[in-house]
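Okay, structure first, notes after.
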Amino acid sequence: MDSEKKKEDSQSQCNYDVDNEIEPRLKFLRLRNDVNNILQKDAASCIAVHPKFLCLGSHWGAIHILDHQGNSIESKSLQAHSVAVNQISIDENGDFIASCSNDGRVFIYGLYSTENNHNMSTGRWVKSIAIDPKYYKSGSGRKFIVGDDKLVLYEKTFLSRMKPTILWEAEGSVYSISWAGHFVAWASDNGVRIYDLNSRVSLGLIKCMKVTEASAEQFRCNMRWSDDRTLLIGWVDTVRIFKIKKRSERDLINNECTEFIVEPVSTFQVNFYISGIAPLENQLVLLGCLKELSENGKSQRPTLHIVEPKYQDYNIICANSLSLRGYEEYNCNDYHLDCLVEENRFFIVSPKDIVVASLYNVNDRVQWLLNHGKFEVALEVVQAGGKDCKHSVTDVGRIYLDHLLNCKKYDAAGKLCLTILGQNKKLWEEEVYKFAKVHQLRTISAYLPRGDVTLDSHIYEMVLYEYLKLDPIGFLQLIKEWSPKLYTVTAVINMVLGHFSVHNSDSQNVLLEALAILYGHDGKYDKALAMYLKLKHKDVFQLIQKHKLYDSVYDMIEGLMDLDSEKAIQFFLEKEKVSPEIIVEKLKNNQYYLYLYLDALDKKDTKNTKGKYHGLLVSLYANFSRKKLLPLLKRSDNYPIQQALDICYQKQFYPEMVYLLGRIGNTLQALQLMTRKLNDLESAIIFCQEHDDEELWNDLILYSLDKPDAITFLLKKIGTYLDPQLMVERIDSNLEIPGLKKALVKMMRDYTLQVSIQEGCKKILSNDYFKLHHRLVRSHQKGILVDDEHMCGACHRKIIIREPKNLIVFNCKHSFHEECLTNLQIIENCTICIHQKNKQPSKI
Numbered sequence: 001m002d003s004e005k006k007k008e009d010s011q012s013q014c015n016y017d018v019d020n021e022i023e024p025r026l027k028f029l030r031l032r033n034d035v036n037n038i039l040q041k042d043a044a045s046c047i048a049v050h051p052k053f054l055c056l057g058s059h060w061g062a063i064h065i066l067d068h069q070g071n072s073i074e075s076k077s078l079q080a081h082s083v084a085v086n087q088i089s090i091d092e093n094g095d096f097i098a099s100c101s102n103d104g105r106v107f108i109y110g111l112y113s114t115e116n117n118h119n120m121s122t123g124r125w126v127k128s129i130a131i132d133p134k135y136y137k138s139g140s141g142r143k144f145i146v147g148d149d150k151l152v153l154y155e156k157t158f159l160s161r162m163k164p165t166i167l168w169e170a171e172g173s174v175y176s177i178s179w180a181g182h183f184v185a186w187a188s189d190n191g192v193r194i195y196d197l198n199s200r201v202s203l204g205l206i207k208c209m210k211v212t213e214a215s216a217e218q219f220r221c222n223m224r225w226s227d228d229r230t231l232l233i234g235w236v237d238t239v240r241i242f243k244i245k246k247r248s249e250r251d252l253i254n255n256e257c258t259e260f261i262v263e264p265v266s267t268f269q270v271n272f273y274i275s276g277i278a279p280l281e282n283q284l285v286l287l288g289c290l291k292e293l294s295e296n297g298k299s300q301r302p303t304l305h306i307v308e309p310k311y312q313d314y315n316i317i318c319a320n321s322l323s324l325r326g327y328e329e330y331n332c333n334d335y336h337l338d339c340l341v342e343e344n345r346f347f348i349v350s351p352k353d354i355v356v357a358s359l360y361n362v363n364d365r366v367q368w369l370l371n372h373g374k375f376e377v378a379l380e381v382v383q384a385g386g387k388d389c390k391h392s393v394t395d396v397g398r399i400y401l402d403h404l405l406n407c408k409k410y411d412a413a414g415k416l417c418l419t420i421l422g423q424n425k426k427l428w429e430e431e432v433y434k435f436a437k438v439h440q441l442r443t444i445s446a447y448l449p450r451g452d453v454t455l456d457s458h459i460y461e462m463v464l465y466e467y468l469k470l471d472p473i474g475f476l477q478l479i480k481e482w483s484p485k486l487y488t489v490t491a492v493i494n495m496v497l498g499h500f501s502v503h504n505s506d507s508q509n510v511l512l513e514a515l516a517i518l519y520g521h522d523g524k525y526d527k528a529l530a531m532y533l534k535l536k537h538k539d540v541f542q543l544i545q546k547h548k549l550y551d552s553v554y555d556m557i558e559g560l561m562d563l564d565s566e567k568a569i570q571f572f573l574e575k576e577k578v579s580p581e582i583i584v585e586k587l588k589n590n591q592y593y594l595y596l597y598l599d600a601l602d603k604k605d606t607k608n609t610k611g612k613y614h615g616l617l618v619s620l621y622a623n624f625s626r627k628k629l630l631p632l633l634k635r636s637d638n639y640p641i642q643q644a645l646d647i648c649y650q651k652q653f654y655p656e657m658v659y660l661l662g663r664i665g666n667t668l669q670a671l672q673l674m675t676r677k678l679n680d681l682e683s684a685i686i687f688c689q690e691h692d693d694e695e696l697w698n699d700l701i702l703y704s705l706d707k708p709d710a711i712t713f714l715l716k717k718i719g720t721y722l723d724p725q726l727m728v729e730r731i732d733s734n735l736e737i738p739g740l741k742k743a744l745v746k747m748m749r750d751y752t753l754q755v756s757i758q759e760g761c762k763k764i765l766s767n768d769y770f771k772l773h774h775r776l777v778r779s780h781q782k783g784i785l786v787d788d789e790h791m792c793g794a795c796h797r798k799i800i801i802r803e804p805k806n807l808i809v810f811n812c813k814h815s816f817h818e819e820c821l822t823n824l825q826i827i828e829n830c831t832i833c834i835h836q837k838n839k840q841p842s843k844i
């Protein structure tokens, strides 16, 4: 006995089997305390549960009232029957219980009042009973229904007498009754009938499949209302769900039928015998027994399934195999299932055992997931768990982190640190050491906090040291990305200096670059610049600009040009931080770099250096970019022409020489270059036209006289610039000239046009002359108004006086008395106007 008791104590948690990879939805707990003593002496025959308590019926006819922990309420336990209790029913408020048995007695017992108690004998086996859910109410009629070979309703009448009413008969024994609202469902030999108590009418009979090789005594009909209108039925191996709906008013008017109708929702068959059914949200909980016996011919363990019903099928959500005491000796009807729908708790009863199943809460889920190595899912559940979750993200995350490190999933572990460690400096430092032990600091480096919260500097130095040993390129990248405030710069410099001999030449270049950055962080800019130039690294420009090291670059100008001439020139020209004189002096030995710089300087066109270096630039353009030479010669006056001419003569740049010769007045030599060297008659004609020099035209004609093609070209072109006779008379009459006729026609037309234009111009000028002369004469012949307001320009008295005097009035409207002008014979112009002209300063 002691060994058996110890074994039972060790099984306080009910054993169950489930696929280890499928997360269970239910947890199981064996009901202990007084239940053990009761079931050792007796056996359970039925159960009814209420949110306040549970009632356990035994084979000896006793009704034990227990709390949900299995403690017996001694004052409420009843010896109601002499044989096994068949069914127990509890009203909605938990004030009254009803029970029945094969001893023919029906027992109604009030837990808090004896006023409406009943202990009556029917004289027949009573298989089922149901108490009115509203039995506790005084005006409810105190009803209950008893089922034997017919269905009888008992209700309280005048003088507290119980009036029996037969609701239905002649369908065989009633095995089970279920009451919800004003609907009652009962199971008999023919099937399940649903009855409307308000209308006292049957809503129909649900015929079940015929049971072969078994009887109703072997397979109990399990019924339960999931709500007032939904009925769940589990009988043998078939599940049926029905919904009661109200008919439309049109149907009620047109047809004499019941107010409600029963509609099937789902029907499906399972592969086990059903011992109990209960709702679970939009799913079902089914208690059952396997159809197959074990190898030794005994019953197998009962199962508890959660299924999702469909119309004619179902999906299994999870399945649990339960280890209940003595299961090998029991059959389908020995098990019972009841539930508290609001709490999603399920009570599984066998003759010698009671197990309570409840849904996994968030804490149960997390613990199961952790136990089964599903750490990622566990972390997600904790993050969404809310206040009810006793596990913290940090605790679960650190367990997951240790698992990832053990599995060598270092990158996933590094990412996880961001989620679970947050801004907790202490936790970060603890976890970093775990990565250090497995030499995986490089993995976590990207996730280390570097914002408002930072770790101790030695943490970052450890990471840098690992990169330095194993990944120099990664070390350089971190030096570029990380702020120097994260670590001690001097310590890292010494670290790098100590590792030069370990690495190959390529890695040494990488370390030199890192060292240059570190020297910059440490304020040793001269060393940083020297290393950048040695490496020919373009970051030298950024370093100079960032720290304004302009005075340090005087001796590095050519080196900077070697590194990146474009960036160097851009840097030199930026606000002229390095004077052009210094740059020109430093680059005088490298003419190409000097050309690049002066060309960029000329494009910038600063006031201080405008045209200053054009003389030097002429030579540089001649050497490196001839296409820029002629535009420079044309737009600038700041170069020595003779020197430029000499350069062009040496290079035989004839177009440039033509321009320069024309500029210094040596037009004839310029023309000869165009004709003799360039053979460009078109430009030569334009050149002669621009200078309008007879000598140039004569030279051009003289050049072309022995060249038939040139003669043809000139005859076509000079007709509008020159008298063609000057050329035609010089042409050798024996010379064969191609296209002469067309050229002469073109020349004559051009010349005729020119003559016509000149004559037209002469006519226009002549006509304008006569018109203007006529206008002048008419204006002089016009009278000039002289009134009393005019004054004499000489005596300054009024021009009109009483004594008549001769007046002299000029076209400028100045007037004089004749006698006031003493030298009248020699005066040709107004003396006032001549005097004013003489006062104006002469313009040179």
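The sequence shown runs contiguously to residue 844 in the UniProt record's numbering.
No residue lacks a Cβ here, since even glycine has one placed at the ideal position from N, Cα and C.
Check                                                                                                                                                                     : Outcome
Assign Gln87 to one of two classes, buried (16 or more other C-beta atoms within 10 Å of its C-beta) or exposed (fewer than that).                                        : buried
Note down, in chain order, each residue of its chain lying with its Cβ closer than 8 Å to the Cβ of Leu661, except the 5 sequence neighbours on either side.              : Leu645, Thr667, Gln669, Ala670 and Leu673
Could you give the distance in angstroms between the alpha-carbon of Cys407 and the alpha-carbon of Leu441?                                                               : 16 Å
For a test of the three-state rule: what should DSSP assign to Val211, helix, strand or coil?                                                                             : Caution applies to Val211, whose pLDDT of 47 falls short of 50 and renders its modelled position unreliable; the value that the coordinates give is listed next. Of the three classes helix, strand and coil, the one that applies to Val211 here is coil, per DSSP.
Under 8 Å by Cβ, that's how I've got Ile316 and Leu280 pegged, so tell me the actual separation to the nearest angstrom.                                                  : The Cβ separation is near 13 Å, so there is no contact.
Rounded to whole angstroms, how far is the Cβ of Thr258 from the Cβ of Ile241, which I believe are closer than 8 Å?                                                       : 20 Å between Cβ atoms; not a contact.
For His81 and Arg105, which I take to be in contact (beta-carbon distance under 8 Å), what is that distance rounded to the nearest angstrom?                              : 6 Å
For Phe500, name the three-state secondary structure that DSSP assigns.                                                                                                   : coil
How many angstroms separate the CA atom of Asp237 from the CA atom of Leu54?                                                                                              : 28 Å
As a quick exercise: from Lys707, Leu153 and Thr157, pick the residue whose alpha carbon is nearest that of Glu169.                                                       : Leu153
From Leu448 to Met561, what does the alpha carbon distance come to, in whole angstroms?                                                                                   : 40 Å
Rounded to the nearest angstrom, what separates Lys798 and Ile834 at their Cα positions?                                                                                  : 22 Å
Looking at the unbroken alpha helix (DSSP H) that takes in Trp428, where does it start and where does it end?                                                             : Lys425 to Lys437
Specify the secondary structure class of residue 846 as computed by DSSP and reduced to three states.                                                                     : Because the chain in this structure spans residues 1 to 844, residue 846 falls outside the shown range and cannot be described.
Helix, strand or coil: how does DSSP classify Tyr532 here?                                                                                                                : helix
From Cys100 to Cys46, what does the alpha carbon distance come to, in whole angstroms?                                                                                    : 11 Å
Can you give me the C-alpha to C-alpha distance between Lys245 and Asp132, rounded to a whole angstrom?                                                                   : 22 Å
Quick one: grab the DSSP three-state call for Gln283.                                                                                                                     : strand
With a CB to CB cut of under 7 Å and the five nearest residues on each side skipped, what residues in its chain are close to Leu359?                                      : Arg25, Leu26 and Asn344
Thinking C-beta only, is Tyr487 closer than 8 Å to Glu461?                                                                                                                : yes
I need the DSSP call for Val126, collapsed to helix, strand or coil.                                                                                                      : coil
In three-state terms, what does DSSP make of Cys833?                                                                                                                      : helix
Cα-Cα, which of Phe183, Lys805, Val83 and Trp60 is closest to Ser199?                                                                                                     : Phe183
Along the chain, where does the beta strand (DSSP E) that runs through Tyr195 open and close?                                                                             : Gly191 to Asp196
Taking the C-alpha atoms as reference points, what is the distance between Asp522 and Val393?                                                                             : 41 Å
Can you list, in chain order, the residues of its chain with a C-beta nearer than 6 Å to that of His428? Leave out the 5 residues immediately preceding and following it. : According to the sequence provided, residue 428 is Trp. The question's His does not apply to it. These residues qualify, in order along the chain: Leu421 and Leu455.
Report, in whole angstroms, the separation of the C-beta atoms of Leu598 and Leu632, which I expect to be a contact under 8 Å.                                            : Between Leu632 and Leu598 the Cβ distance is about 11 Å, and since that is not below 8 Å, they are no contact.
Put Gln642 into one of helix, strand or coil per three-state DSSP.                                                                                                        : helix
Tell me the DSSP bridge mates of Cys289?                                                                                                                                  : Tyr273
Measuring alpha carbon to alpha carbon, tell me which of Val146, Gly288 and Tyr112 ends up nearest Arg124.                                                                : Val146
Would DSSP call Ala319 helix, strand or coil?                                                                                                                             : strand
Going straight from the alpha carbon of Asn494 to that of Gln423, what length do you get?                                                                                 : 31 Å
Taking 8 Å as the threshold (C-beta atoms), are Ser275 and Leu322 in contact?                                                                                             : no
Among Arg301, Asp313, Gln312 and Val341, whose alpha-carbon lies nearest the alpha-carbon of Arg325?                                                                      : Arg301
Assuming contact is defined by CB atoms lying nearer than 8 Å, are Lys52 and Gly110 in contact in what I supplied?                                                        : no
Considering Met223, what are the terminal residues of the beta strand (DSSP E) in which it resides?                                                                       : Asn222 to Asp227
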